[in-house]
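The structure appears right after this line, and notes come after that.
Number of protein chains: 2
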Amino acid sequence: MNSPYPSSLLENAVNEFAGLPGIGRKSALRLVLHLLRLDEERVAGFAGAVMKLKREIKYCSLCHNISDTEVCSICADGGRDGSLICVVENVKEVMAIEKTAQFGGLYHVLGGIISPIDGIGPADLEIASLEKRAGAGGIREVILALSATMEGDTTNFYIYRKLQPLGVKISIIARGVSIGDEIEYADEVTLGRSILNRTPFNESYKLLSK
Amino acid sequence: MNSPYPSSLLENAVNEFAGLPGIGRKSALRLVLHLLRLDEERVAGFAGAVMKLKREIKYCSLCHNISDTEVCSICADGGRDGSLICVVENVKEVMAIEKTAQFGGLYHVLGGIISPIDGIGPADLEIASLEKRAGAGGIREVILALSATMEGDTTNFYIYRKLQPLGVKISIIARGVSIGDEIEYADEVTLGRSILNRTPFNESYKLLSK
Numbered sequence: 001m002n003s004p005y006p007s008s009l010l011e012n013a014v015n016e017f018a019g020l021p022g023i024g025r026k027s028a029l030r031l032v033l034h035l036l037r038l039d040e041e042r043v044a045g046f047a048g049a050v051m052k053l054k055r056e057i058k059y060c061s062l063c064h065n066i067s068d069t070e071v072c073s074i075c076a077d078g079g080r081d082g083s084l085i086c087v088v089e090n091v092k093e094v095m096a097i098e099k100t101a102q103f104g105g106l107y108h109v110l111g112g113i114i115s116p117i118d119g120i121g122p123a124d125l126e127i128a129s130l131e132k133r134a135g136a137g138g139i140r141e142v143i144l145a146l147s148a149t150m151e152g153d154t155t156n157f158y159i160y161r162k163l164q165p166l167g168v169k170i171s172i173i174a175r176g177v178s179i180g181d182e183i184e185y186a187d188e189v190t191l192g193r194s195i196l197n198r199t200p201f202n203e204s205y206k207l208l209s210k
Numbered sequence: 211m212n213s214p215y216p217s218s219l220l221e222n223a224v225n226e227f228a229g230l231p232g233i234g235r236k237s238a239l240r241l242v243l244h245l246l247r248l249d250e251e252r253v254a255g256f257a258g259a260v261m262k263l264k265r266e267i268k269y270c271s272l273c274h275n276i277s278d279t280e281v282c283s284i285c286a287d288g289g290r291d292g293s294l295i296c297v298v299e300n301v302k303e304v305m306a307i308e309k310t311a312q313f314g315g316l317y318h319v320l321g322g323i324i325s326p327i328d329g330i331g332p333a334d335l336e337i338a339s340l341e342k343r344a345g346a347g348g349i350r351e352v353i354l355a356l357s358a359t360m361e362g363d364t365t366n367f368y369i370y371r372k373l374q375p376l377g378v379k380i381s382i383i384a385r386g387v388s389i390g391d392e393i394e395y396a397d398e399v400t401l402g403r404s405i406l407n408r409t410p411f412n413e414s415y416k417l418l419s420k
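From first to last, the protein sequence lines stand for chains A and B.
So in the working numbering, the last spot in the first sequence is 210, and the numbers never skip.
So in the working numbering, the last spot in the second sequence is 420, and the numbers never skip.
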């Protein structure tokens, strides 16, 4: 036996799981053996949900977020402020910001950030459609809510350069000491920016208590 | 939006992954978004490998290990000692023992251990077939290699009672201080058993250097 697996079917399934991010071969084997213990209907449900997602998933024609419909439920919600666009990397960030219940505008999902190492350039992202959206009129402000990383900063600057000629207000989410964090342990770059971008006392608490 | 997910297809796929052991909802979302970025052929490969495993998997008619064939490659290997049977819980333990390259006999895979809490009794395991195998003649020794837990001990005693009348030699893998462990940090039950079951000096090193 050259392969440590007693069955090629088992080995194939383990290889598939081990190909997912953050799952090693031991975990993959554990997951596969778990699936093997379920009845066939449950396993078909698992495999079917994955295929159905891939085959039938839609992206909102306005904000490019994952959606079941042509226009997503956020863009279709008349109660939201259509003049405010928050630019995010992916659906995960939309979900995280929605959870805060602090944002009542619409989103624009780039589908990633500029990352030369991963071969992702501006043309691979929904930046042209953002320009078009911001330039179509009726947009008051574009908020950039990308990760505070080198790639996020690069993407921020690129979008800023593209949108600036359109005369729309461009802002960026606050960088600072996380709530609950002790100053002593904050890294110096974050602490420095939190001092530079300090907020009037009353305004800061008004936002928190909202 | 009541659900935090912008799409029910996405939510279903996340639910399926979050139903696997050791995968939380955040990891599940990360895995699903990873699959969504792959092309459809790759995703079909993933779903297909899982379904194929469930539908086509065979169990060896002798040792009950997972197998692609009627008789597994270990049982079919004429070079192995058919008079020696190592009793294990599952395919994972077969793979672990094979990796040590210290065992040249055959296996008997129980498919679990006796666990009243999980509703697993002797009848749910391949114990009757073990009795039949051990009683058929030509078996020199049965080695019990189950986990050193309450459930493992219960199963060991149950099998011992069943096999004893057959006159076959029954042994149990050594419990002791793991190689590389410091005595200071070994738990007292393990340390106690390792003293009770001490091995003649020469014999122990002979085994290690084999």
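Note that CB positions come from ideal geometry on N, CA and C, so glycine has one too.
Check	Outcome
Whole beta strand (DSSP E) elements within the stretch 328-393 of chain B, 3-residue minimum	351-354, 379-382
Beta-carbon proximity list for B/V304, same chain, < 7 Å, skipping 5 on both sides	N275, V298, Y317, V319
B/M211 - DSSP class collapsed to helix/strand/coil	Confidence at B/M211 is low in this model, with a pLDDT of 45, below 50, so its placement is unreliable and no value can be given for it.
Local Cβ density within 10 Å of B/R265, reported as buried at 16 or more and exposed below that	exposed
Whole-number beta carbon distance between A/I195 and A/E151, since they are thought to touch under 8 Å	With 8 Å as the limit, A/E151 and A/I195 do not qualify as a contact, their Cβ atoms being about 25 Å apart.
For A/G79, the nearest candidate out of A/A96, A/A134, A/F103 (CA to CA)	A/F103
Closer than 7 Å at the beta carbon, the chain A residues around B/A278	At residue 278 of chain B the sequence reads Asp, which differs from the Ala that was named. The answer, in chain order, is S7, S8, L9.
Three-state class that DSSP yields for B/I233 in the structure shown	coil
Chain B contact for A/A76 (CB, 8 Å cutoff)	no
Coil, strand or helix - A/V91 by DSSP	helix
Residue environment, B/S381, which counts as buried when at least 16 other CB atoms sit within 10 Å	exposed
DSSP beta-bridge partners of A/H108	A/V87
B/V260 at chain A interface by Cβ criterion, 8 Å	yes
Buried versus exposed call for B/E168 [16 or more other C-beta atoms within 10 Å across all chains shown]	Residue 168 of chain B lies beyond the stretch modelled for chain B, which goes from 211 to 420, so this question has no answer here.
Extent of the continuous alpha helix (DSSP H) run through B/E280	Per DSSP, B/E280 belongs to no alpha helix (DSSP H) and is neither H nor E.
Under the three-state DSSP convention, the category A/G82 falls into	strand
First through last residue of the alpha helix (DSSP H) which encompasses A/R193	188-196
DSSP beta-bridge partners of B/I276	B/Y269
Beta-bridge partners of B/S325, as assigned by DSSP	B/I330
C-alpha distance - A/G45 paired with B/L263, whole-angstrom precision	14 Å
Beta-carbon separation (whole angstroms), A/I85 vs A/R133, contact threshold 8 Å	7 Å
Three-way DSSP call (helix, strand, coil) for B/F227 in this model	helix
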